[in-house]
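*Asks:* What follows is a single structure, and I will ask about it in a moment.
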Amino acid sequence: MSKIEQDSLEELLKQAAPRPVPSPDDAATARAAVHEEWRQVTAGRRSRRRVVQYAIAATVLLGVFGVLNILRTPPVDIVRVASIEKSIGSVFVLGDQAELLEVTDEMQVFSGQTIVTRDDSGLALAWGNGGSLRVDANSRIEFTDDDAVFLISGRAYFDSRPGSGVAGTDVGKTPLFTLRTELGDVHHVGTQYMGEVDDDELTVSVREGEVLVDGKFHKETIASGYRVSMAGRQQPSVSNISRSGEAWEWVHRTMPPRQVKGQTLHEFVSWVSRELGLDFHFDEELVEAARTVEVRGDFRSGATDALRNGLLSAALDWHIEGGVLYITENQ
Numbered sequence: 209m210s211k212i213e214q215d216s217l218e219e220l221l222k223q224a225a226p227r228p229v230p231s232p233d234d235a236a237t238a239r240a241a242v243h244e245e246w247r248q249v250t251a252g253r254r255s256r257r258r259v260v261q262y263a264i265a266a267t268v269l270l271g272v273f274g275v276l277n278i279l280r281t282p283p284v285d286i287v288r289v290a291s292i293e294k295s296i297g298s299v300f301v302l303g304d305q306a307e308l309l310e311v312t313d314e315m316q317v318f319s320g321q322t323i324v325t326r327d328d329s330g331l332a333l334a335w336g337n338g339g340s341l342r343v344d345a346n347s348r349i350e351f352t353d354d355d356a357v358f359l360i361s362g363r364a365y366f367d368s369r370p371g372s373g374v375a376g377t378d379v380g381k382t383p384l385f386t387l388r389t390e391l392g393d394v395h396h397v398g399t400q401y402m403g404e405v406d407d408d409e410l411t412v413s414v415r416e417g418e419v420l421v422d423g424k425f426h427k428e429t430i431a432s433g434y435r436v437s438m439a440g441r442q443q444p445s446v447s448n449i450s451r452s453g454e455a456w457e458w459v460h461r462t463m464p465p466r467q468v469k470g471q472t473l474h475e476f477v478s479w480v481s482r483e484l485g486l487d488f489h490f491d492e493e494l495v496e497a498a499r500t501v502e503v504r505g506d507f508r509s510g511a512t513d514a515l516r517n518g519l520l521s522a523a524l525d526w527h528i529e530g531g532v533l534y535i536t537e538n539q
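Start counting the sequence shown at 209; every next residue gets the next number (this note's numbering).
Pasting the structure below:
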C-alpha cells in the first residue's frame, strides 16, 4: 500500500463513528452463555469417555468371570461304555471333527461318541454293565454315559440276559440301561425289547419281560408280546405283537458271535430259540437225549444259521409253527 493510500484510509477511519460498547449487563450475559456452552461440550466429552471406560471395564470383568467359571467346572469323565462284538456293512463312529470313522470288531465305545449305520448294516455291542445292545440299519445312536444311550433315529434292541440258556454263562444281576429318545425314555425290568424313533413317533416292542416307557406326555408299562407307539400328546397306542417274525429279523442277523462248546442240545436250543423269540418243543423220544447230547460250533452268521447248523450237527430236523420251534428226528 502506498503512502497516499494509507493517508486516505486514516482520514476515512477518523470520520467513522466509534464502535458501540455493550453495557456491563449485556457483556456479563454473553460471558455466562459462552461459559455454559463450553461446560456442556466438555461435560459431554467426559461422559462419553466414562461410558467407553465403563464398557471396557465390564467386558474385561465378564471375561475374567468366564475364565474363572470354566476353571470351576469339573471335567466330564470319558468312560468306556461298550465294546463292538459284530458289525455288518457300513458302520461309522462320529469323530471329533464330525468326520465318519469306520468301526472295527472289538473296538471300544466311549461316552460321548455317536455311532451311525447305513443301508444294509447293523451292529452288536456288549454293554459294559452287562447285556447285549444291537443297532439296526439307518440308525444314529449316541452313547451318553455308562447306563444310557440316546437313540436319535432308527432302531435299537436290548437284551438284558444274552447268556440265558447257555451253560457256564453267569447271567448276573439285571444291568443298568436306559434307552433315551427325544420323545421319552425306556426303562427295562429284565427284558428283550426294541425301540424305534421315526420322525415324531416312538415305538417300543417287548419280546420278554417288561418295560416302562416314560414319554414326554404319557407313561406306559408294556409286557411281553405288546407294542406301544407314542406321538406327541395323543393317547399311546398299545397293540399285540409277535415275539418273532419279520420285525425282528435284523435282531437275529446282528446276533454276536457265539462259540458253543460242551453245551447240551437242550441248552443250545434254549439259547438259540430265545434269540429267535420262540418257544421250543422236543419230540418225546428226544427229551432224554437232549439233556446228554452235546453241541459244538462257532456260530457267527446269526441266530437262524446257528439253529440250522447246530441241529444239523446233531442230525436233527426242525420246523417253526405258531411261534414254536419243533425239534424232530431227521427223517
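Don't be surprised by glycine CBs; every beta carbon is placed ideally from N, CA and C. Keep in mind the model is a prediction, meaning the values are calculated, not measured.
1) Apply the 10 Å Cβ neighbour rule to residue 474 and answer buried if 16 or more other Cβ atoms are within range, or exposed otherwise.
2) What residue ranges within the stretch 375 to 454 form continuous beta strand (DSSP E) runs of no fewer than 3 residues, ordered along the chain?
3) Can you give me the start and stop residues for the beta strand (DSSP E) that residue 322 sits inside?
4) For residue 300, which beta-bridge partners are listed by DSSP?
5) Pull the bridge partners of residue 318 from the DSSP assignment, please.
6) Can you give me the Cβ contacts of residue 523 inside the same chain, cut-off strictly under 7 Å, excluding the 5 residues immediately before and after it?
7) Compare the C-alpha of residue 328 against each of 462, 503, 417 and 514 and name the closest.
8) Bridge partners for residue 295 per DSSP, in chain order?
9) Should residue 322 be listed as close to the ligand GTP, given that the test is whether its C-beta is under 7 Å from any heavy atom?
10) Note the first and the last residue of the continuous alpha helix (DSSP H) segment covering residue 525.
11) Can you round the beta-carbon distance between residue 421 and residue 394 to whole angstroms, since I take them to be within the 8 Å contact cut?
12) Is it the case that the stretch 476 to 492 contacts the stretch 515 to 532, given that we only count it when at least three CB pairs across the two stretches are under 8 Å?
13) Considering only the beta carbon of each residue, do residue 543 and residue 455 sit closer than 8 Å?
14) Is the stretch 400 to 417 close to the stretch 425 to 437, with three or more CB pairs under 8 Å?
15) What separation, rounded to the nearest whole angstrom, lies between the Cα atoms of residue 320 and residue 313?
16) Quick one: what does DSSP say residue 518 is sitting in, helix, strand or coil?
17) Got a sec? Which residues, its chain only, sit under 7 Å from residue 424 by beta carbon, not counting five neighbours each side?
18) How many angstroms separate the CA atom of residue 337 from the CA atom of residue 494?
19) Pick from 492, 322, 330 and 366: whose alpha carbon is nearest that of residue 398?
20) Going residue by residue through the stretch 447 to 491, where are the continuous beta strand (DSSP E) segments of at least 3 residues, counting only ones entirely within it?
21) Using 8 Å as the threshold, is the C-beta distance between residue 330 and residue 306 below it?
22) What's the gap between the Cα of residue 450 and the Cα of residue 440?
23) Decide if residue 427 is buried, meaning its Cβ has at least 16 other Cβ atoms within 10 Å, or exposed.
24) Considering only the beta carbon of each residue, do residue 348 and residue 386 sit closer than 8 Å?
25) Please work out which residues of its chain come closer than 8 Å, Cβ to Cβ, to residue 419, disregarding the five sequence neighbours upstream and downstream, and give them in chain order.
26) For residue 370 and residue 481, what's the separation of their Cα atoms in angstroms?
27) Looking at the secondary structure, which residues open and close the alpha helix (DSSP H) in which residue 493 lies?
28) Measure the C-alpha to C-alpha separation of residue 525 and residue 466 and round it to an integer number of angstroms.
29) Buried or exposed for residue 292, going by 16 or more other Cβ atoms inside 10 Å?
30) Is the distance from the Cβ of residue 360 to the Cβ of residue 318 below 8 Å?
31) For the beta strand (DSSP E) that residue 508 lies in, which residues bound it at each end?
32) Indicate whether residue 342 and residue 298 have their beta-carbon atoms separated by less than 8 Å.
*Replies:* The short version:
1) buried
2) 386 to 389, 392 to 396, 400 to 406, 409 to 416, 418 to 423, 427 to 431, 434 to 438 and 445 to 448
3) 322 to 325
4) 310 and 324
5) 288
6) 538
7) 462
8) 331
9) The ligand content of the structure shown is nil, which means the ligand GTP is not present either.
10) Careful: residue 525 lies outside any alpha helix (DSSP H), inside the beta strand (DSSP E) at 524 to 529.
11) 5 Å
12) yes
13) Outside the displayed range of the chain (209 to 539) lies residue 543, so it cannot be described from this structure.
14) yes
15) 19 Å
16) helix
17) 391 and 392
18) 38 Å
19) 366
20) 466 to 472 and 487 to 490
21) no
22) 26 Å
23) exposed
24) no
25) 394, 395, 396, 397, 399, 401, 412, 429 and 430
26) 12 Å
27) Segment: none, residue 493 is in no alpha helix (DSSP H) and carries neither H nor E.
28) 21 Å
29) buried
30) no
31) No beta strand (DSSP E) holds residue 508; DSSP gives it neither H nor E.
32) no
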